[in-house]
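K.L.:
The sequence shown begins at 2 in my numbering and counts up one residue at a time.
Handing you this structure, nothing more for now.
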Amino acid sequence: MVESRFVDLDGPVHYADFGGRGDPLVLIHGLGGSHLNWLAVGDQLALGHRVVAPDLRGFGLTPLGPRQRATLEANQALLEGFLERVAGGPATLVGNSMGGRLALQVAAARPELVRRLVLVDPAAPNPTLNGVDGLVIVFFAALLAPAAVPYLRLRSRRMGAEQIVRSTLAVVCEDPNRVPAHVVQAHLELTRRRLAEMPWSDRALVQAARSLLKLVFGRRAYYRILPRVQAPTFILHGARDRLVPVSAAAELARLRPDWNLEVLDGVGHVPMLETPDRFLISVARYLEVSAEEKAG
């Protein structure tokens, strides 16, 4: 049973507590996501680990104060504080999309806080400049425009919560009908609440997107931290990802040949939502092998 909790890290930070015992697992959502992105897998992961899933600054139920920022740097600091205060020791970080990049940053800057990394379709430069959905390119271009925040507010009001959720799942999944119904309903309820009660959410999305895109387009700056990552790392990537093509994950594995890469055929950007059973099998296999290697 998942519980909703808050911790004070220069302001309230919400996290989902899936319970469990053992080595801590910290689940980090991507751009525009929340703790709900892990709802289909958190309980199963908690059978062998202590599992928590924070909402990054300005996302989910974590507010973005007037003087706070939702950039990569700000959320890296949030995660480091979260690991110190909540995880209470070295943790395995499981990061999806932007959360994967944040996991890398924490592992490079604070290696003592990170036991292992599981990068799920991590946001990374596209070495081929192919494979990204045209609608995705248009949407992110809009986030770079000066009037991005009012644009998002108007777009959200016109679409409404149900269309926002359905259209988002259509982009991040190869087959959105595979997402469990209760998970879709939870996203719908949170989106309704966001539209009604969370005026900071559009500002957070724009700040985080601009910070991420600047890094990804920079390429050299993105790859610079890779040699500093000491934690054993597993990359799990959907072959049908229309946001971060599998070639981006392959390039990470080429630059770090000691990292393991597994590609899931017929799966999009969020395997833990679209095919939770396959996600759990792959992650459990890696964690088991990693633990055996450490014991050996």
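Yeah, the Cβ is synthetic: ideal placement off N, Cα and C, and Gly gets one too.
This structure is a prediction, so every number in the text was calculated from the model and none was measured.
Would you be able to state if there are at least three C-beta pairs under 8 Å between the stretch 185-201 and the stretch 238-246?
P.N.:
Cβ pair count under 8 Å is below three, so no.
K.L.:
Decide if I282 is buried, meaning its Cβ has at least 16 other Cβ atoms within 10 Å, or exposed.
P.N.:
Looking at its Cβ environment, which holds fewer than 16 other Cβ atoms inside 10 Å, I282 is exposed.
K.L.:
Considering only their Cβ atoms, is the gap separating V53 from V87 smaller than 7 Å?
P.N.:
Yes; because the gap between Cβ atoms is below 7 Å, this pair is in contact.
K.L.:
By how many angstroms is the C-alpha of V230 removed from the C-alpha of A222?
P.N.:
If you take the alpha carbons of A222 and V230, they lie about 14 Å apart.
K.L.:
To the nearest whole angstrom, what separates the beta carbons of H270 and D122, a pair I think is in contact under 8 Å?
P.N.:
Sure, about 5 Å apart at Cβ, within 8 Å.
K.L.:
Less than 7 Å between the beta carbons of R51 and P91, yes or no?
P.N.:
Taking 7 Å as the Cβ cut-off, R51 and P91 do not qualify as a contacting pair.
K.L.:
Pull up the CB-CB distance for R58 and L48, whole angstroms please, since I reckon it's below 8 Å.
P.N.:
Their Cβ separation, rounded to whole angstroms, is 30 Å, which puts R58 and L48 out of contact at 8 Å.
K.L.:
Going by the CB atoms, is the gap between P277 and A41 shorter than 7 Å?
P.N.:
It is a contact, given that the beta carbons lie within the stated cut-off.
K.L.:
Which of the three DSSP states, helix, strand or coil, is assigned to H270?
P.N.:
Here H270 sits in coil by DSSP.
K.L.:
Helix or strand or just coil, what does DSSP make of A210?
P.N.:
Looking at A210 - three-state DSSP - the assignment turns out to be helix.
K.L.:
Along the chain, where does the alpha helix (DSSP H) that runs through A149 open and close?
P.N.:
Here the alpha helix (DSSP H) through A149 covers A149 to V173.
K.L.:
Nearest-angstrom Cα distance between K215 and F60?
P.N.:
Going by the C-alpha atoms only, they are around 20 Å apart.
K.L.:
Examine the Cβ distances between the stretch 141-150 and the stretch 203-214 and report whether three or more of them are shorter than 8 Å.
P.N.:
Enough Cβ pairs lie closer than 8 Å, so yes.
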